[in-house]
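Asks: 160 is the number that UniProt numbering gives to position 160 of the sequence shown; each next residue is one higher, with no gaps.
Where a beta carbon is used, it is the ideal one built from N, C-alpha and C, also for glycine.
Before I ask anything, let me first share the structure, which is written out below as structure tokens.
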Amino acid sequence: MATAELAGKHLVLGMTGGIACYKIAELTRLLTKAGATVQVVMTEAATQFITPVTMQALSGRPVYTSQWDARVPNNMAHIDLSREADAIVIAPASTDFLARLAHGMADDLLSTLCIARDCPLLVVPAMNRQMWQNPATQRNVAQLRADGIEVLGPDSGPQACGEVGDGRMLEAAASYEAIASFFSPKILAGRRVLLTAGPTFEPLDPVRGITNRSSGKMGFALARAAQQAGADVHLVAGPVALDTPWGVFREDVQTAQQMHDAVMHAVADADIFIGVAAVADWRVDHVSEQKIKKSAERALPSFSFVENSDILAAVAKLPKPPFTVGFAAESDNLDVHGEQKRARKNVPLLIGNLGPQTFGLDDNEVILFEAGKATKLPRADKQTLARALITEIAKRLPPVAGPVL
Ligand code: C5P
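In structure tokens form, the structure reads like this:
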């Protein structure tokens with residue numbers, strides 16, 4: 001989970017009335033764990049769903065609910081509470097609160113805080129699908145966006161009322177990521193990034209196949225970091241058990257051939273291609289249509305293999321390739337093999353994993369190979385490393401072409 005963007009940030013977390021208030025307990029925990037200070041302010045309606053005592057315990061700060069709170073000596077809570085804030089986040093943001101914000105109302109502590117603010121305002125809507133779709137709500141949301149307010153979500157899916165549709169609040173982890181993303185420097189703004197991640201699965205028959213131990217963690221961490229850096233991200237993922245990073249377009253595939261086709265279909269739109277997937281080098285040339293039976297009389301099965309196409313090399317060979325980045329997991333002599341592989345695949349940058357076995361681990365240590373140069377990055381968790389790699393990639397990009405005059 002991304003942490004660096006939020007360390008030391010001071011957030012006012014405004015809660016309004018809605019069943020999604022329960023998600024804010026977890027969101028507060030994630031924000032404080034990332035090093036942010038969280039000042040909770042609740043509307044009267046929010047206190048009907050979760051108590052200020054719970055929010056005080058989780059945020060480690062007294063909670064404010066009233067404009068007339070005697071704890072603020074100058075009676076200026078609406079100014080004082082947000083004075084040091086890096087942002088105000090309203091979560092959950094109810095239909096009513098969005099309407100009041102859109103119209104500049106200031107009739108309780110939270111709405112007054114919002115209108116008196118001198119910092120960015122983010123809202124995380126939560127409501128029933130019909131309330132969300134109502135033209136009045138849509139008008140209000142459009143107005144909020146026009147006023148420069150960030151609207152995070154909503155999500156789609158089953159709702160507390162039993163209906164299914166748009167309007168439910170982003171889950172706590174996704175809200176956290178969306179807030180972290182807001183604070184990330186937008187070094188890839190306007191860039192389109194295509195990535196592969198995870199293993200591939202090469203079938204032998206309808207139930208068996210060959211795969212590898214790639215967890216997809218590094219590729220997903222890079223997709224998340226690229227999204228947070230402002231890029232439009234398309235992630236082609238082999239079979240992994242990972243959640244899609246917030247704001248990332250994900251396409252699931254199984255085999256190396258499917259991964260190749262998905263990449264080739266999307267690559268013309270990409271400015272950057274990062275091949276992180278551990279793609280199977282071979283597939284069996286004839287996949288059995290029936291499950292291969294085991295029997296005492298029959299000989300053991302044998303398979304012949306054909307080579308899969310090298311996706312990374314194929315992208316690098318395109319007449320107008322995107323900035324192409326490869327990965328390599330070498331078990332020995334990385335210094336020599338890394339540079340050789342980079343040259344062979346004809347990519348400007350190849351990231352070598354130090355250590356033979358990084359699959360599934362949360363930490364990693366890498367060397368960047370580029371023509372005539374090798375740079376080691378310090379060992380770090382995969383998300384921190386992903387952010388560092390995105391910074392390194394951004395530094396090496398050709399400048400964005402300006403308009404032709
Ligand atoms: O040759 P090797 O598999 O070690 O190369 C690793 C790099 O090449 C990774 O970036 C991987 O995603 C990419 N690759 C690929 N298609 C293959 C094999 C590897 O894109 N068939």
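1. Would you decide whether G190 is buried or exposed? Buried here means 16 or more other CB atoms lie within 10 Å of its CB.
2. Report the three-state DSSP secondary structure of M1 (helix, strand or coil).
3. Quick check: the segment 218-237 against the segment 272-289, are there 3 or more CB pairs under 8 Å?
4. I want to check one thing, is the minimum distance from the CB of G275 to the heavy atoms of the ligand C5P below 7 Å?
5. By Cβ distance below 6 Å, which residues in the same chain neighbour V240 in space, the five residues on each side in sequence not counted?
6. Which residue marks the beginning of the beta strand (DSSP E) containing M15, and which one marks its end?
7. Measuring only the C-alpha atoms, how far is N308 from E202?
8. Ordered along the chain, which non-local residues of its own chain (more than five positions away) have a Cβ less than 6 Å from that of G157?
9. What residue range does the alpha helix (DSSP H) around Q159 cover?
10. Pick out whichever of L27, N364, A7, R379 has its Cα sitting closest to the Cα of M218.
11. Does the Cβ of V253 lie closer than 7 Å to at least one heavy atom of the ligand C5P?
12. Apart from the five residues on each side of it in sequence, which residues of its chain come closer than 7 Å, Cβ to Cβ, to E163?
13. Expressed to the nearest angstrom, what Euclidean distance is found between the alpha-carbon atoms of V248 and F97?
14. Decide if H78 is buried, meaning its Cβ has at least 16 other Cβ atoms within 10 Å, or exposed.
15. In three-state DSSP terms, what is K373?
16. Mapping DSSP to helix, strand and coil, what is V63?
17. Quick check on P154: buried or exposed, where buried means 16 or more other Cβ atoms within 10 Å of its Cβ?
18. Measure the C-alpha to C-alpha separation of V366 and L350 and round it to an integer number of angstroms.
19. Report back the beta-carbon spacing between G230 and L188 to the nearest angstrom; my notes put them in contact at under 8 Å.
20. If contacts are defined as beta-carbon pairs under 8 Å, then R192 and A91 qualify, I think. What distance do you get, rounded to the angstrom?
21. Among the residues of its own chain, which have a CB less than 6 Å from the CB of W246, if the five just before and after it don't count?
22. Report buried or exposed for A343, applying the criterion of at least 16 other Cβ atoms within 10 angstroms of its Cβ.
23. Which stretch, first to last residue, makes up the beta strand (DSSP E) that contains P125?
24. Give the range of the beta strand (DSSP E) segment to which D166 is assigned.
25. Report the residue from L385, A388, D362, K341 whose alpha carbon sits nearest the alpha carbon of F369.
26. Counting C-beta neighbours from all protein chains within 10 Å, is the total for A2 16 or more, i.e. buried, or is it exposed?
27. Where does the unbroken beta strand (DSSP E) through D362 begin, and where does it stop?
Replies: Checking against the coordinates, here is how it stands:
1. exposed
2. Confidence at M1 is low in this model, with a pLDDT of 46, below 50, so its placement is unreliable and the value that follows should be read with caution. Of the three classes helix, strand and coil, the one that applies to M1 here is coil, per DSSP.
3. yes
4. yes
5. G198, G216
6. 10-15
7. 10 Å
8. R168
9. First-last for Q159: undefined, no H or E at that position.
10. N364
11. no
12. N128, R129
13. 28 Å
14. buried
15. strand
16. coil
17. buried
18. 10 Å
19. 5 Å
20. The Cβ separation is near 30 Å, so there is no contact.
21. A174, E177, A178
22. exposed
23. 121-125
24. 164-168
25. K341
26. Annotation note: pLDDT 43 at A2 (below 50); position unreliable, no value reported.
27. Looking at the DSSP string, D362 is not in any beta strand (DSSP E), and its letter there is neither H nor E.
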